[in-house]
Amino acid sequence: MLKAMRQNTKLILWIILAAFVGTIIFAWGMNVTGRQGSRQAVVGVVNGQKISYQQFSYIFQNLYDQTQEQLGQALDEETSRQLLDETWNQIVNQILLTEEIEKREIRVTDLEVVTYIRDNPPDFLLNNESLQTDGEFDPQKYAAALADPRYDWRPLENQVRAILPVQKLQSMIMAAVRVTDAEVWNDYKAKNERVQVRYVALRPTDFEVDQAKITEGEIRHYFDEHQHEYHQPSRANLDYVFLEKTASQADEDTVRAELEALRERALDGEDFGELAEIFSQGPSGKDGGDLGFFGRGVMDSAFEAGAFALQEGEISMPIRSSFGWHIIKLEERRASGTEEEVRARHILLKVTPSQQTLEALLDQVDKLAQSAKEVGLEQAAQEAGFEVMQTGLFHEGSQFVPGLGKASDAAKFAFSSKRGEIGGPFENEKGLSLVSIRERENAGIPPLDKVKKQVESALIREKQKQLAREKAMGFQNRLQEGQTLAAAAQDISLIVEETEPFARKDYVPKIGLANEFVGTAFGLQVGEISGLVETNRGYYFLQVVAREEADLEEFQEQKQALTLDLLRRKQNQVYGDWFEGVRQKANIEDYRDRFFRV
């Protein structure tokens with residue numbers, strides 16, 4: 000009886016939990032229009048409908064927590080920014096879909112909801128033990144649960160009421176999509192028809208150019224003819240001071256003391272392996288800290304010295320390695336040839352800056368920022384004993400700043416502030432930074448002396464391409480005179496290469512994917528030699544040596560499944576294109592940067 004009650008309770012909890020998670024966007028997302036009152040902060044507006052900060056933050060936080068739980072670690076700045084975008088897109092898409100549903104007067108009946116729930120049990124119920132018989136989902140138990148008045152199915156009903164209109168809308172958009180037999184056959188051929196090709200390649204990179212013979216006039220002429228290729232976005236160079244997040248001596252002492260306490264517990268009789276499972280922050284923690292057997296020269300030197308100095312059963316005092324602090328228990332020793340090996344367990348505690356240390360660092364950078372605003376970053380840093388460094392020039396729109404790493408806030412500051420202003424403190428995983436603008440270049444075409452090396456390299460590539468084409472034309476003349484591919488290649492010291500059989504959609508080694516080479520190959524008969532074929536990799540002459548036609552009999556056997564697969568792909572493409580059009584026509588105002596780092 001008690002077991003049945005527990006199973007029923009578990010089922011009810013799963014119903015509520017899954018329905019709640021599933022409706023965060025559908026049920027709650029439909030209420031992110033800011034109609035709670037004008038006093039609320041607004042994160043964005045979609046076709047006049049406001050997205051409140053409160054609702055956006057709630058949905059984002061749920062998504063953040065779920066992602067962090069899945070990854071099992073704190074999220075970095077880039078992942079957090081991606082989740083902000085995902086939250087934004089989900090909400091915007093839901094508002095636009097809701098508008099389309101209302102515009103088309105799409106409705107859902109109670110019978111449709113009941114039928115959908117009955118015929119489409121969600122995954123969390125399919126896997127629920129109380130609805131299974133012999134480990135398999137039991138439709139009769141599911142039907143009985145649906146009819147059981149003890150279960151409140153309203154959360155799931157609400158979820159389905161939100162989902163069904165969207166499904167109906169999708170069906171309406173995709174209803175006109177059709178696929179013909181010819182389309183299915185061509186799609187099948189693209190994957191299953193194969194050719195094998197013998198070819199001669201004239202790659203520009205194989206040709207040498209004497210750089211000493213390139214004149215200044217040639218470089219200037221090339222630059223004048225290709226100036227548009229050297230247009231640069233705005234660039235900036237920042238002065239910066241970086242304060243790294245490093246653990247203090249107090250943090251080191253705290254971790255060491257924690258390990259000493261764990262050592263005492265183990266010496267008092269507690270199982271070392273169980274303590275490792277609970278407390279160790281190393282990957283072996285799940286195995287009770289067991290590292291197996293290892294010899295010398297494998298582990299961190301300090302760890303190794305500590306382990307080999309122990310007697311069997313002995314537990315070391317805390318040892319500092321490059322990974323953190325350890326206590327080690329030696330389990331056994333053995334000889335392995337002429338070498339000695341030991342088997343040990345360990346408990347690792349990593350040393351990270353404590354909250355107190357981070358707060359002290361923040362106080363330090365705040366004082367430096369205040370001083371920098373008064374006397375400038377360079378003088379303030381010098382007085383405080385910090386070094387001022389330069390990022391070097393970086394482009395506008397970059398998420399990475401040289402020297403700072405992922406630092407989108409500092410990058411934005413570089414192109415939105417005036418020289419002399421102090422930016423920051425900006426924070427990332429590694430530390431805190433203060434910045435000021437040293438120089439900034441406006442977007443445009445730089446003078447030749449700024450890009451001379453790039454221009455010279457491009458000119459060399461152009462000359463290599465000319466040499467390759469000239470030799471290709473000579474090779475083509477030999478073919479037109481009746482020489483075979485092999486004979487013509489031998490005459491001018493070229494190599495005949497051969498591919499493995501490939502389909503139209505395959506990547507071909509040394510050739511590429513879906514380019515002119517591939518298209519030409521499938522247009523040739525066996526033995527036929529192509530004319531000059533140009534790709535972004537060079538010039539080619541092809542001869543098909545084998546051809547494997549698509550199997551018509553196999554196609555007929557798979558035709559139904561192939562048709563359905565192609566239909567679904569076309570439907571998805573049509574729906575995606577339609578919705579992209581809806582989104583482009585929408586009036587979307589994004590104010591997230593007022594509240595979040597985006």
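Take the sequence shown: its letter number 174 is residue 173 in numbering that gives the first Met the number 0, and every next letter is one higher. The beta-carbon is built from N, C-alpha and C at its ideal position, and this holds for glycine as well. Since we're looking at a predicted model, the values are computed, not measured.
The beta strand (DSSP E) enclosing residue i, as first and last residue numbers
i: residue 195; result: 193 to 201
i: residue 48; result: 48 to 51
i: residue 343; result: 338 to 348
i: residue 145; result: Not the beta strand (DSSP E): residue 145 falls in the alpha helix (DSSP H), residues 138 to 146.
i: residue 289; result: 289 to 293
i: residue 495; result: 495 to 497
Residue i - DSSP class collapsed to helix/strand/coil
i: residue 29; result: Because residue 29 sits at a pLDDT of 33, beneath the cut-off of 50, its placement in the model cannot be relied upon, and the point is left open.
i: residue 132; result: strand
i: residue 472; result: helix
i: residue 583; result: helix
i: residue 236; result: strand
i: residue 125; result: helix
i: residue 278; result: helix
i: residue 213; result: coil
i: residue 56; result: helix
i: residue 300; result: helix
i: residue 502; result: strand
i: residue 83; result: helix
i: residue 272; result: helix
i: residue 38; result: Any reading at residue 38 is ruled out, since the residue's pLDDT is 39, under 50, leaving its predicted position unreliable.
i: residue 259; result: helix
i: residue 105; result: coil
i: residue 113; result: helix
i: residue 317; result: coil
i: residue 429; result: coil
i: residue 455; result: helix
i: residue 325; result: strand
i: residue 512; result: strand
i: residue 267; result: coil
i: residue 613; result: Nothing in the structure corresponds to residue 613, since the chain is present only between 0 and 597.
i: residue 450; result: helix
i: residue 528; result: strand
i: residue 91; result: helix
i: residue 575; result: helix
i: residue 594; result: coil
i: residue 206; result: coil
i: residue 305; result: helix
i: residue 385; result: coil
Residue i - containing alpha helix (DSSP H), residue span
i: residue 539; result: First-last for residue 539: 537 to 547, but that is the beta strand (DSSP E), not the alpha helix (DSSP H).
i: residue 373; result: 354 to 374
i: residue 153; result: 153 to 173
Given residue i as reference, the closest of the options once Cα atoms are compared
i: residue 367; options: 422, 356, 401 and 399; result: 422
i: residue 185; options: 269, 45, 562 and 578; result: 562
i: residue 331; options: 357, 348 and 291; result: 291
i: residue 347; options: 365, 307, 557 and 262; result: 262
i: residue 258; options: 328, 389, 131 and 576; result: 328
i: residue 90; options: 343, 134, 70 and 43; result: 43
i: residue 443; options: 108, 233, 418 and 175; result: 233
i: residue 120; options: 446, 142, 474 and 534; result: 142
i: residue 323; options: 301, 306, 314 and 336; result: 301
i: residue 414; options: 440, 175 and 431; result: 440
i: residue 491; options: 501, 428, 504 and 473; result: 473
i: residue 390; options: 260, 404, 216 and 381; result: 404
i: residue 209; options: 48, 147, 460 and 594; result: 460
i: residue 81; options: 71, 559 and 66; result: 66
i: residue 350; options: 339, 318 and 393; result: 318
Beta bridge counterpart(s) of residue i as assigned by DSSP
i: residue 490; result: DSSP lists no partner for residue 490.
i: residue 393; result: 235
i: residue 521; result: According to DSSP, residue 521 bridges with nothing at all.
i: residue 332; result: 341
i: residue 418; result: Answer by DSSP bridge pairing: none, since residue 418 is not bridged.
i: residue 534; result: 537
i: residue 241; result: 432
i: residue 481; result: Its beta-bridge partners do not exist; DSSP assigns none.
i: residue 589; result: 43
i: residue 285; result: Its beta-bridge partners do not exist; DSSP assigns none.
i: residue 464; result: None; residue 464 has no bridge partner.
Pair every Cβ in the segment 518 to 536 with every Cβ in the segment 221 to 231, then say whether three or more of these pairs are closer than 8 Å.
no
Counting beta carbon pairs with one atom in the segment 198 to 205 and one in the segment 465 to 474, are three or more of them shorter than 8 Å?
yes
Quick one: any contact between the segment 240 to 254 and the segment 374 to 391, if contact means 3 or more CB pairs under 8 Å?
yes
Quick one: any contact between the segment 534 to 543 and the segment 504 to 522, if contact means 3 or more CB pairs under 8 Å?
yes
Do three or more CB pairs link the segment 164 to 175 to the segment 88 to 103 at distances below 8 Å?
yes
Taking 8 Å as the cut-off, does the segment 215 to 226 touch the segment 370 to 377 (at least 3 CB pairs, one atom from each stretch)?
no
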